[in-house]
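Below is one structure, written out as structure tokens, with a few remarks after it.
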Amino acid sequence: PFWLKSTSCSHPPAGPTSSLVSAMPCTYKTETYNEVLRWLDNTPIRYAANPKLKTSKSFVRYAKYAKAKTVGEALRFGTLYLDLLFDHEHGHLKATGQPKRKQLVSPDKSEWDDSWNATDKILSKMHAKWITWSKTFEVADRLGVDRRNLTSNKMGGISVEMHAQRMEAQVMAKLILEEADSKGLLITDADVLHVLKLWAFKENTTRQNVMKEGIDFVNSDTLGLLAGYDGTFHINQSTRHYPAVPHLLTRWLKDHLPDECGLKEKGFHHTSINVNRGYAAKLHRDGNNEGPSMIAAFGEFTGGELNYWPEDDKTKATIDKLRQEDRKTLDLRRQLLLFDGNRGHSVEDFQGERYSIVFFSIGKSHKVNEKQRQLL
Numbered sequence: 008p009f010w011l012k013s014t015s016c017s018h019p020p021a022g023p024t025s026s027l028v029s030a031m032p033c034t035y036k037t038e039t040y041n042e043v044l045r046w047l048d049n050t051p052i053r054y055a056a057n058p059k060l061k062t063s064k065s066f067v068r069y070a071k072y073a074k075a076k077t078v079g080e081a082l083r084f085g086t087l088y089l090d091l092l093f094d095h096e097h098g099h100l101k102a103t104g105q106p107k108r109k110q111l112v113s114p115d116k117s118e119w120d121d122s123w124n125a126t127d128k129i130l131s132k133m134h135a136k137w138i139t140w141s142k143t144f145e146v147a148d149r150l151g152v153d154r155r156n157l158t159s160n161k162m163g164g165i166s167v168e169m170h171a172q173r174m175e176a177q178v179m180a181k182l183i184l185e186e187a188d189s190k191g192l193l194i195t196d197a198d199v200l201h202v203l204k205l206w207a208f209k210e211n212t213t214r215q216n217v218m219k220e221g222i223d224f225v226n227s228d229t230l231g232l233l234a235g236y237d238g239t240f241h242i243n244q245s246t247r248h249y250p251a252v253p254h255l256l257t258r259w260l261k262d263h264l265p266d267e268c269g270l271k272e273k274g275f276h277h278t279s280i281n282v283n284r285g286y287a288a289k290l291h292r293d294g295n296n297e298g299p300s301m302i303a304a305f306g307e308f309t310g311g312e313l314n315y316w317p318e319d320d321k322t323k324a325t326i327d328k329l330r331q332e333d334r335k336t337l338d339l340r341r342q343l344l345l346f347d348g349n350r351g352h353s354v355e356d357f358q359g360e361r362y363s364i365v366f367f368s369i370g371k372s373h374k375v376n377e378k379q380r381q382l383l
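Counting with our numbering, you get residues 8 to 383 for the letters of the sequence shown.
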């Protein structure tokens, strides 16, 4: 792929902005982006004599688009946006005059309206990709890893930025675990909070049972075992790609289990970990949960207590029939709570930054195969 070439990038760049920038981009010089991203559909251009090998397909394609007199014509004649960058940087293409933008075209799709033509949109997408590539190099440099570690093995629906953030959480979790192992330390609340702050949460639109009115999504991810609609089980890709994160969370749980009910000695067996950020769940009962769950909250916030209905029996009444006076209100910052996720529970509104973790087991998880059991 073109972005693995070392055309002109010798160092990871700083991120570009919507105006002129001086940081080096991923494969082309900053000056190239600063010029090409200011072009308009009717910016006049001139191509040099065909520099391609005469027997190549590139020669034929260049011959077609080199007839163009404007940027828009070049794109309509078959040039690609990467050709604009390559040809300009190598001296094969020049803009010969005005009009040009005073600043770089916006990378924000939300600004597109009826006044935007096809050329504007192509260059806007180019700018957005430049920003993404630049951020990838920044993170790779900060982590001390090859940039390809951040762009390989990406999951569907996960952007490069999210993958990079999760890689940071993975690296941090691994470092914390290594230090704890070498020095005999416990995993602390601060360790967990540090990793959760690095983790990139997806906008989860499927957890309708926890969303209050007017909310379209929540920042919520599940690590470990998941159940499919067909009754099968699988370990999700987030767990496979960032294994140190669920490992750290499980170690924290083991280090902080109370003595009550023999938990300290026996441990708390679970198949899955739900991690949440920044939302107060409405009154609900968990679905596809065996029931016994451990929950804790982290961060700097006020409010956010858990309301729990310990006597709730879903076989006798719908959840809207639960009485407020029957609830127990608990501050999860002060204690790790064992509760039944199949009974009614909700979270009070809060101010500040609140994260929560729920350890639980998927319903009928005893049916998982041996390979999945070993991986968990």
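Yeah, the Cβ is synthetic: ideal placement off N, Cα and C, and Gly gets one too.
{"Check": "Straight-line gap, Pro265 to Thr37 (C-alpha atoms, nearest Å)", "Outcome": "57 Å"}
{"Check": "Nearest residue (CA-CA) to Lys313, options Ala303, Asp319, Lys321 and Thr322", "Outcome": "Here the sequence assigns Leu to residue 313, which means Lys is not the residue at that position. Nearest C-alpha to Leu313: Ala303."}
{"Check": "Pair within 8 Å by beta-carbon distance, His95 and Val43", "Outcome": "yes"}
{"Check": "His254 - containing alpha helix (DSSP H), residue span", "Outcome": "Ala251 to His263"}
{"Check": "Exposed unless 16 or more other CB atoms sit within 10 angstroms - verdict on His170", "Outcome": "buried"}
{"Check": "Contacts around His201, its chain only, beta-carbon distance under 8 Å, and the 5 residues preceding and following it disregarded", "Outcome": "Met179 and Ile183"}
{"Check": "Pairwise C-alpha distance: Lys335 and Arg292", "Outcome": "15 Å"}
{"Check": "For Leu383, the three-state DSSP class (helix, strand or coil)", "Outcome": "coil"}
{"Check": "Status (buried if at least 16 other CB within 10 Å, exposed otherwise) for Ser29", "Outcome": "The predicted position of Ser29 is uncertain, since its pLDDT is 35 and thus under 50; no value can be drawn from it."}
{"Check": "Environment of Gln177 [buried if 16+ CB atoms lie within 10 Å]", "Outcome": "buried"}
{"Check": "Start and end residues, beta strand (DSSP E) containing Arg330", "Outcome": "Looking at the DSSP string, Arg330 is not in any beta strand (DSSP E), and its letter there is neither H nor E."}
{"Check": "Within 8 Å, strictly: CB atoms of Leu230 and Ser279", "Outcome": "yes"}
{"Check": "Cβ-Cβ separation, Arg350 to Pro317 (assumed contact under 8 Å), whole Å", "Outcome": "7 Å"}
{"Check": "Beta carbon of Thr139 nearer than 8 Å to that of Glu186", "Outcome": "no"}
{"Check": "Spatial distance of Ala288 from Ile129 (CA atoms)", "Outcome": "41 Å"}
{"Check": "Per-residue burial, Lys142 [other beta carbons within 10 Å of its own, 16 or more giving buried]", "Outcome": "buried"}
{"Check": "Three-state class that DSSP yields for Tyr69 in the structure shown", "Outcome": "helix"}
{"Check": "Distance CB(Arg45)-CB(Lys136) smaller than 8 Å", "Outcome": "no"}
{"Check": "Through-space distance from Glu118 to Ser25, alpha-carbon basis", "Outcome": "Summary for Ser25: the model assigns pLDDT 41, below 50, so the residue's position carries little reliability; its value from the coordinates is reported in the next sentence. C-alpha separation (whole angstroms): 13 Å."}
{"Check": "Pairwise C-alpha distance: Phe144 and Cys33", "Outcome": "Confidence in Cys33 is poor, its pLDDT being 45 and thus under 50, which makes the residue's placement unreliable; the coordinate value appears in the next sentence. Each residue's Cα considered, the two are about 7 Å apart."}
{"Check": "Span separating the alpha-carbon of Thr126 from that of Met174", "Outcome": "35 Å"}
{"Check": "Whole-angstrom distance between Pro299 and Lys116, CA atom to CA atom", "Outcome": "45 Å"}
{"Check": "Sequence-distant residues of its chain with Cβ nearer than 7 Å to Glu355 (five each side left out)", "Outcome": "Ala287, Gly310, Gly311, Glu312 and Asn314"}
{"Check": "Outcome for Ser13 when other beta-carbon atoms lying within 10 angstroms are tallied against a minimum of 16", "Outcome": "The pLDDT assigned to Ser13 is 29, lower than 50, so where the model puts this residue is not dependable, and the model offers no usable value."}
{"Check": "Coil, strand or helix - Leu44 by DSSP", "Outcome": "coil"}
{"Check": "Buried versus exposed call for Ser372 [16 or more other C-beta atoms within 10 Å across all chains shown]", "Outcome": "buried"}
{"Check": "Classification of Phe346 by the beta-carbon crowding that lies within 10 angstroms, buried from 16 upward", "Outcome": "buried"}
{"Check": "Whole-number beta carbon distance between Tyr362 and Leu203, since they are thought to touch under 8 Å", "Outcome": "5 Å"}
{"Check": "Contact set for Val365: own chain, Cβ-Cβ below 6 Å, skip 5 residues either direction", "Outcome": "Asn281, Ser300 and Ile302"}
{"Check": "Option in Tyr69, Gln381, Arg214 and Met133 with minimal Cα separation from Val112", "Outcome": "Met133"}
{"Check": "Per-residue DSSP class, three states only, for Phe367", "Outcome": "strand"}
{"Check": "Under 8 Å between C-beta atoms of Asn216 and Asn283", "Outcome": "no"}
{"Check": "Minimum length 4: unbroken alpha helix (DSSP H) runs contained in the stretch 190-214", "Outcome": "196-205"}
{"Check": "Where the beta strand (DSSP E) through Gln358 begins and ends", "Outcome": "Phe357 to Gly359"}
{"Check": "Span separating the alpha-carbon of His254 from that of Asp338", "Outcome": "25 Å"}
{"Check": "Beta bridge counterpart(s) of Ala225 as assigned by DSSP", "Outcome": "The sequence shown places Val at residue 225, not Ala. Asn211."}
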